[in-house]
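Residue numbers (our numbering): 140 to 304.
In what follows, a structure is listed as structure tokens, so that the remarks can point back to it.
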């Protein structure tokens, strides 16, 4: 994990209720079908609606181009922020429609570092992530957020694989 002091600086509660859960499950989402599957799998297989809460996290990239004009960087950040908040609100509304307590948090920066930092703060019972189904070579070259979380978190991480159709 990076020792950069900027980790964890952007934390925006997009959806929050006053419910105090007995158990918390974290599901990072990125708008992919795989993360949607992980979220629904969590609801279908782990959640007790009377006592549990799902915390949905989304990490948007930080526009870091030193050559870019400040106004371009600000416009890109506003666009990314709006998309992140919409994704989280849509997911939170879908979860809430199933009578599940939900909190949605927008983060900014490197997905791996930000997720580890925030999840360590939340201290959930479990993290459930989707799998993009990268092969071994692609995963080795590109890296995998789910692999990173499995290796760096102190809480259990379940990788929900979407069934092949």
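Even glycine gets a Cβ: it sits at the ideal position worked out from N, Cα and C.
Since we're looking at a predicted model, the values are computed, not measured.
Determine the direct distance from the alpha carbon of residue j to that of residue i, and round the result to whole angstroms.
| i | j | result |
| --- | --- | --- |
| residue 225 | residue 156 | 18 Å |
| residue 216 | residue 250 | 16 Å |
| residue 247 | residue 304 | 34 Å |
| residue 271 | residue 231 | 22 Å |
| residue 252 | residue 173 | 20 Å |
| residue 261 | residue 160 | 12 Å |
| residue 154 | residue 196 | 11 Å |
| residue 302 | residue 239 | 24 Å |
| residue 237 | residue 245 | 22 Å |
| residue 178 | residue 292 | 19 Å |
| residue 254 | residue 175 | 17 Å |
| residue 299 | residue 263 | 17 Å |
| residue 223 | residue 201 | 12 Å |
| residue 269 | residue 213 | 31 Å |
| residue 258 | residue 171 | 20 Å |
| residue 279 | residue 296 | Unreliable positioning characterises residue 279 in this predicted model, as indicated by a pLDDT of 48, which lies under 50. The coordinate reading is nonetheless provided below. Between residue 279 and residue 296, the C-alpha separation is close to 19 Å. |
Return the bridge partner residues of residue i from the DSSP annotation.
| i | result |
| --- | --- |
| residue 197 | 245 |
| residue 291 | DSSP output for residue 291 lists no bridge partner at all. |
Does DSSP classify residue i as helix, strand or coil?
| i | result |
| --- | --- |
| residue 297 | strand |
| residue 260 | helix |
| residue 151 | strand |
| residue 277 | Low per-residue confidence applies at residue 277: pLDDT is 45, beneath 50, and the placement is therefore not dependable enough to give any value. |
| residue 163 | strand |
| residue 168 | coil |
From this set, the options, which residue's C-alpha is nearest residue i's C-alpha?
| i | options | result |
| --- | --- | --- |
| residue 227 | 169, 201 and 294 | 169 |
| residue 284 | 181, 167, 151 and 152 | 167 |
| residue 182 | 201, 218, 162 and 223 | 162 |
| residue 241 | 188, 287 and 296 | 188 |
| residue 193 | 158, 171 and 220 | 158 |
| residue 191 | 180, 199, 164 and 184 | 164 |
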